[in-house]
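Numbering (the numbering used here), first residue to last: 250 to 369. These notes are about the structure you will find just below.
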Amino acid sequence: MEREEGEDDIVCLESFFINDNYKLTRFTFGSEVLELYCLQSASTDFDLTGQLVWPGAELMNMYLSKNSDMLRGCSVIELGSGVGITGIFCSRFCSKVVLTDHNDEVLKARLIDNTLNAFI
């Protein structure tokens, strides 16, 4: 294949865009305390929105902490769980919880969080 004059090679290093500067962060919802590794601000250069806790997840967990009886014995699947704060919170009450995400970087960080919280 012939190259056009002035055509440059474009190299994209995916790792250049990955922010893995996670901080151990403590969250309290009612009497439940979760410690999770997450970013403190969003990364906009790459699709890693699953690396931080979004305000909607905190609101959901506050609601669930006040209504935890509705979770007892339930099975929950959290699609696109990212940090997994709601799924991990639900694991304190539900009989079965499955967390999912498509991003390998996000999943690596969740392995650490799962060990840390041990789905008690």
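Every residue, glycine too, gets a C-beta built ideally from N, C-alpha and C.
Note down the Cα distance separating residue i from residue j, rounded to an integer number of angstroms.
{"i": "M309", "j": "G299", "result": "16 angstroms"}
{"i": "N352", "j": "S330", "result": "10 angstroms"}
{"i": "Y271", "j": "L313", "result": "26 angstroms"}
{"i": "L348", "j": "E327", "result": "5 angstroms"}
{"i": "S317", "j": "E354", "result": "31 angstroms"}
{"i": "L288", "j": "G279", "result": "23 angstroms"}
{"i": "D350", "j": "A358", "result": "11 angstroms"}
{"i": "G305", "j": "S290", "result": "15 angstroms"}
Ignore the nearest five residues each way along the sequence and tell me which others in residue i's own chain have a CB closer than 7 angstroms to its CB.
{"i": "S324", "result": "C343, S344 and K345"}
{"i": "E203", "result": "Examination of residue 203 is not possible in this model, given that the chain is present from 250 through 369 alone."}
{"i": "M311", "result": "F278"}
{"i": "E283", "result": "Checking the displayed sequence, the identity of residue 283 turns out to be Leu instead of Glu. Hits under 7 angstroms: F276, I334, I337, F338 and N366."}
Confirm, please, whether the CB-CB distance from residue j to residue i is below 8 angstroms.
{"i": "S339", "j": "L356", "result": "The question names Ser, but residue 339 is Cys in the sequence shown. No, these two residues do not count as a Cβ contact at 8 angstroms."}
I'd like the list of long-range same chain contacts for residue i, defined as Cβ closer than 6 angstroms, with 5 residues on each side in sequence excluded.
{"i": "L322", "result": "The sequence given here has Gly at residue 322, not Leu. Correct list, in chain order: S344."}
Which two residues bound the contiguous beta strand (DSSP E) that contains residue i?
{"i": "L288", "result": "Run containing L288: none; DSSP gives neither H nor E here."}
Inside the segment 298-358 only - alpha helix (DSSP H) runs reaching at least 4 residues: As far as the segment 298-358 is concerned, its whole alpha helix (DSSP H) runs of at least 4 residues are 304-315 and 334-339.
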